[in-house]
Amino acid sequence: MKDWLQAAVRRAGGDIVEAYLFGSAVDPGRSPRDIDVIVVTADLAGTPGWHRARRWRDHAAEAFHRRFGKRLSVIVATRGEWREMDGVVVRRREDL
Numbered sequence: 073m074k075d076w077l078q079a080a081v082r083r084a085g086g087d088i089v090e091a092y093l094f095g096s097a098v099d100p101g102r103s104p105r106d107i108d109v110i111v112v113t114a115d116l117a118g119t120p121g122w123h124r125a126r127r128w129r130d131h132a133a134e135a136f137h138r139r140f141g142k143r144l145s146v147i148v149a150t151r152g153e154w155r156e157m158d159g160v161v162v163r164r165r166e167d168l
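When we follow the numbering used here, the leftmost residue of the sequence shown carries the number 73, and every step to the right adds one.
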């Protein structure tokens with residue numbers, strides 16, 4: 073699953089500059105019902121790269137569900153938003 077997600081993020085191109093798996097998916101003691109991912113965009117909210125990342129999110133979620141039968145929940149954040157969430161909303165994570 074992680075390999076699939078890494079490849080999907082690479083296919084998004086330069087619009088996504090960072091991506092992390094978090095939540096129950098990174099907790100070895102839990103069996104996740106959905107997979108939580110955060111992607112950080114190169115562009116600010118409302119700009120073309122941000123919109124492309126949001127479209128990527130929708131397509132990736134559909135493909136992920138078809139492949140793994142689980143819901144993919146993706147947060148699209150700007151760099152500024154990520155600085156606010158890192159360590160607060162997203163406490164434990166794995167790089168994608």
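Glycine residues also receive a C-beta, built at the ideal position from the N, C-alpha and C atoms. This one's a predicted model, so the numbers in the text were calculated from it and none came from an experiment.
Taken in chain order, the complete alpha helix (DSSP H) segments of 4 residues or longer contained in the segment 73-146 are 74-83, 120-140. Straight across, the Cα-Cα distance linking Val-161 with Phe-136 is about 23 Å. Taking Asp-108 as reference, the option from Ala-114, Leu-93, Asp-99 with the minimal CA-CA separation is Leu-93. Sixteen is the threshold: since fewer than 16 other Cβ atoms of the shown chains lie within 10 Å of the Cβ of Asp-99, the residue is exposed. Counting along the chain, the unbroken beta strand (DSSP E) around Arg-165 starts and ends at 165-167.
Scanning Gly-121, Glu-134, Asp-75, Arg-105 for the CA closest to the CA of Thr-150 turns up Gly-121. Under the criterion of beta carbons closer than 8 Å, Val-148 and Arg-165 do not qualify as touching, at roughly 16 Å.
Only buried fits Arg-124, as 16 or more other CB atoms lie within 10 angstroms of its CB.
Taking C-beta separations shorter than 6 Å and ignoring five residues to either side along the sequence, the partners of Ala-133 in its chain run Leu-144, following chain order.
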